[in-house]
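Worksheet for the structure shown next.
Number of protein chains: 2
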Amino acid sequence: MNNEVEKISVFRYTGESENVTEDVVVREVPLTIVLDGHELVTLLCSPSYLDYLAIGFLYSEGLICSKDEVKQVSVDDVRGVVHVETFRHKTDTGEVVKRYIGSSGGRGLSLYASSSTDGLPKVDSSLRVTASEIMSLHHEFQHHSEIFLATGGVHSAALCDSKNILVFAEDVGRHNAIDKILGKCLMEGISTRDRIIAASCRISSEILIKVAKRNIPVLTSKSAPTDLGVKLAKDTGVTLIGFVRGQRMNVYANEWRLNDARR
Amino acid sequence: MNNEVEKISVFRYTGESENVTEDVVVREVPLTIVLDGHELVTLLCSPSYLDYLAIGFLYSEGLICSKDEVKQVSVDDVRGVVHVETFRHKTDTGEVVKRYIGSSGGRGLSLYASSSTDGLPKVDSSLRVTASEIMSLHHEFQHHSEIFLATGGVHSAALCDSKNILVFAEDVGRHNAIDKILGKCLMEGISTRDRIIAASCRISSEILIKVAKRNIPVLTSKSAPTDLGVKLAKDTGVTLIGFVRGQRMNVYANEWRLNDARR
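Chains as they are written, first to last, in this note's numbering: chain D, 1040 to 1302; chain U, 1040 to 1302.
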């Protein structure tokens, strides 16, 4: 964690007093992802698990589909570059990168801009959960969020089963926090089948799409969803739960996965 | 505001009870910006002031520099497209768009990924403010945030002088909220000289750069900054104030603009 925050001096007003004091702010660094020698994208992120972030990003964007395609991942912390080498021919990757950048209208985020679920399969999972499981997962989740507690500046995400947090990540970017988890799962062979993603962030369409593409059946957040997030959750079969706070929560889509729901 | 939220039915757990109830979620729509016939980017945003958003985005990204360059802005609400026509030749714009997409590494956000202030001028303003002015601006600012109060799902931003809110915007994307303000200022001829931007969001490098590029001397937020946001504020001369809450606030950079600071 120490690498992810920085101590700085601030001028603090408190109504009664004003003084110079030490404060902790979250770090934010540019990270360039280079795929087979082709510069793909530069993200702003928290400087941890940059390898998982790069792999998760490529995975979410459909530029790699399995661990077997990845030959090598090397992180240059100082320059803020991750080189990902695949078993593809460099020229083939060049074509892929060109098409990707072209198709995304210059934004580098191909599917995100779409409000349709074309190309998104229905989530295939018979997982059931209870409201109390979700609430106690979020209770644990909140206690995991060390950097946020210190700085108020990052988003957290976690892959969970119905009882425990399995993988946890934090980042200044909410997309990055999810991608770090998905990247770690891919590289470490951690199954996402019948799992739950807990998040601290608002659930926009982009976040929902990342989760649905990985066939993860439940997405929970302490924050609000957008209408497009709810629509896509309904269409893809993701159980979407928002405002998980204390003993309260709202289920926005596919409440049939809640065992104790009165249906 | 009605256009920006949607009523949906949710399954609500409260510990004691579970029931189906009506809830309000914030809307999120894809918006494609077409510049002189060239598709530039698709943003996800709240469906209000799409013309200002498009113009503000182009302005922030350096693709237009003044109102005089803009011939026409037409919004197609149904398809989610804003067509911006300039006085440039279509072929020239084609080159600009191509270079822009290329230079941004496919992300469509050219300057954002840079941690340097190359190309960013020093803010030129002798504005002074007091801590109590900032606190009372934020008090008013919070009361303006209607959609957030209803849905918990948007970011707000405002252009202010030291006493009043002059322009206010909300959006599911924090960059968009700022761009809507800057776009409105450009199109309506509202000066940003010696002004203050108040925001609800975390201050990342991207937000700081947008503000510094417009020569706006003070940026305040109820949330945290990142270290890169603080560094860029110091470099560009922006007075950066975070965690403005009630009678408290932290000044992270250029505190000399605070009249009552003990220096």
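Backbone N, C-alpha and C define an ideal beta-carbon position, used for all residues, glycine too.
Only E1078, L1079, V1080, T1081, L1083 from the region 1076-1093 of chain U bring a Cβ to less than 7 Å from some Cβ of chain D. If you check the CB distance, L1083 (chain D) and E1245 (chain U) come in under 8 Å. Here S1165 (chain D) is exposed, its C-beta having fewer than 16 other C-beta atoms within 10 Å. When DSSP reads this structure, F1207 (chain U) sits in a beta bridge with U:A1197. Nearest to L1271 (chain U) by alpha-carbon distance, out of U:R1284, U:I1103, U:S1262, U:V1257, is U:V1257. Nearest C-alpha to F1180 (chain D) among D:V1136, D:F1126, D:L1198: D:L1198.
Going by DSSP, I1280 (chain U) is part of the beta strand (DSSP E) stretching over 1278-1284. Spatial neighbours of A1263 (chain D) in its own chain (CB-CB distance under 6 Å, excluding positions within 5 residues in sequence) are listed in chain order as R1241, G1281.
Put simply, the backbone Cα of V1136 (chain U) is about 42 Å away from that of N1293 (chain D). Taking 9 Å as the cut-off between beta carbons, the residues of the region 1203-1219 of chain U near chain D are V1211, G1212, in sequence order. Straight-line spacing of the CA atoms in R1296 (chain D) and A1238 (chain D) works out to 18 Å.
For G1268 (chain U) and H1214 (chain U), the gap between their C-alpha atoms comes out near 14 Å. Counting every other CB atom within 10 Å of its CB across the protein chains shown gives G1158 (chain U) a total below 16, marking it as exposed.
At a cut-off of 8 Å, the C-beta of G1095 (chain D) has no neighbouring C-beta in chain U.
For a Cβ distance threshold of 8 Å, residue set V1064, V1065, T1190, G1191, G1192 of chain D lies close to A1263 (chain U), ordered along the chain. Not flagged as an interface residue toward chain D: G1101 (chain U), since no C-beta distance is shorter than 8 Å. When DSSP states are grouped into helix, strand and coil, K1261 (chain U) belongs to the coil group.
Cβ-Cβ distances below 6 Å link V1290 (chain U) to I1280 in the same chain, with the five nearest sequence neighbours on each side left out; the list follows chain order. Taking 8 Å as the cut-off, the Cβ atoms of L1070 (chain U) and L1102 (chain U) do not count as close. Straight through space, the alpha carbons of V1193 (chain U) and D1200 (chain U) are spaced by roughly 23 Å.
G1054 (chain D) has a beta carbon lying within less than 8 Å of a beta carbon in chain U. The shortest C-alpha to C-alpha distance from G1276 (chain D) to any of D:I1255, D:H1128, D:S1260 is the one to D:I1255. At a cut-off of 8 Å between C-beta atoms, N1289 (chain U) counts as an interface residue with respect to chain D. Within the region 1217-1260 of chain U, the beta strand (DSSP E) runs of at least 3 residues that lie entirely inside it are, in chain order, 1235-1238, 1257-1260.
Bridge pairing for H1077 (chain D): D:L1074 [DSSP]. Cβ contact annotation for H1183 (chain D) (same chain, cutoff 8 Å, sequence separation greater than five): S1195, A1197, I1204, F1207, in chain order.
Within chain D, the residues whose beta carbon sits less than 9 Å from that of Q1286 (chain U) are Y1052, T1053, G1054, E1055, listed in sequence order. Between I1047 (chain D) and D1062 (chain D) a beta carbon distance of about 6 Å is seen, short of the 8 Å cut, so the two are scored as contacting. Neighbours of S1243 (chain U) across chain D, judged by C-beta separation under 8 Å: E1067, L1083, V1211.
According to the DSSP assignment, T1060 (chain D) belongs to the beta strand (DSSP E) that extends over 1057-1065.
Inter-residue distance for N1298 (chain D) and K1261 (chain D) is about 20 Å (C-alpha atoms, whole angstroms). Between N1042 (chain D) and S1087 (chain D), the beta carbon gap of about 6 Å places them in contact (Cβ cut-off 8 Å). Identification of chain D residues near I1047 (chain U) by a Cβ-Cβ cut-off of 8 Å yields D1266, V1269, Y1291, ordered along the chain. Annotation: Q1111 (chain U) to G1228 (chain D) spans about 53 Å, alpha carbon to alpha carbon. Judged by DSSP in its simplified three-state form, S1099 (chain D) adopts helix.
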